[in-house]
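Student: Let me begin by handing over the structure; questions about it come next.
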């Protein structure tokens with residue numbers, strides 16, 4: 002059998018599809034905490050799939066800082082505060098195919114520390 006080389010973006014897309022399928026399979030009515038990472042910025046939003054509306058959103062562009070681990074911690078704290086203020090305490094964590102380490106992990110840990118339940 003011939004080995005097929007899969008590039009990085011295809012692996013990320015495959016991870017994201019697996020996550021979305023798991024969310025659909027579990028039939029969650031909880032909002033999703035969607036974290037998107039680019040080379041320079043980090044975005045987080047709490048999105049309700051039932052009403053198709055964004056409940057809370059924070060990003061590194063608003064903070065006027067480039068994304069790093071410290072900024073990820075700040076974004077995690079702020080998104081948790083905004084979500085709790087809007088009445089959301091439980092979310093499903095959607096990392097959009099990114100690996101769970103570094104900035105993504107620190108954002109999730111700081112959101113949990115502020116009271117958001119995953």
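Residue numbers (my numbering): 2 to 119. Backbone N, C-alpha and C fix where the C-beta goes; we use that ideal spot for every residue, glycine too.
#1: Of all the options 64, 117, 44, 19, which has the alpha carbon lying nearest to the alpha carbon of residue 92?
#2: Thinking residue 56 and residue 15 are a contact (beta carbons under 8 Å), I'd like their distance in whole angstroms, please.
#3: Which residues does DSSP list as the beta-bridge partners of residue 8?
#4: For the 8 Å Cβ check, are there 3 or more pairs between the stretch 6-25 and the stretch 42-49?
#5: Once DSSP output is grouped into helix, strand and coil, what is the label at residue 14?
#6: By a C-beta neighbour count over all protein chains shown, 10 Å radius and 16 as the cutoff for buried, is residue 1 buried or exposed?
#7: If distances are taken between C-alpha atoms only, which option among 18, 61, 87 comes closest to residue 104?
#8: Taking its Cβ as the centre, do 16 or more other Cβ atoms sit within 10 Å of residue 96, making it buried, or is it exposed?
Tutor: By the coordinates alone:
#1: The sequence position of residue 92 within the chain shown is 91, counting from 1. Among 64, 117, 44, 19, the Cα nearest to that of residue 92 belongs to 117.
#2: Position 55 of the chain shown, counting from 1, holds the residue named residue 56. Position 14 of the chain shown, counting from 1, holds the residue named residue 15. At roughly 28 Å, the Cβ-Cβ gap does not stay under 8 Å, so residue 56 and residue 15 are not in contact.
#3: Your numbering for residue 8 matches position 7 in the chain shown. Residue 8 is not bridged to any residue.
#4: no
#5: Position 13 of the chain shown holds residue 14. Residue state, collapsed to three classes: helix.
#6: The structure shown does not extend to residue 1, since the chain spans only 2 to 119, so no value can be given for it.
#7: In the chain shown, residue 104 corresponds to position 103, counting from 1. The shortest C-alpha separation from residue 104 is found at 61.
#8: Here residue 96 refers to the residue found at position 95 when the chain shown is read from its first residue. So residue 96 ends up on the buried side.
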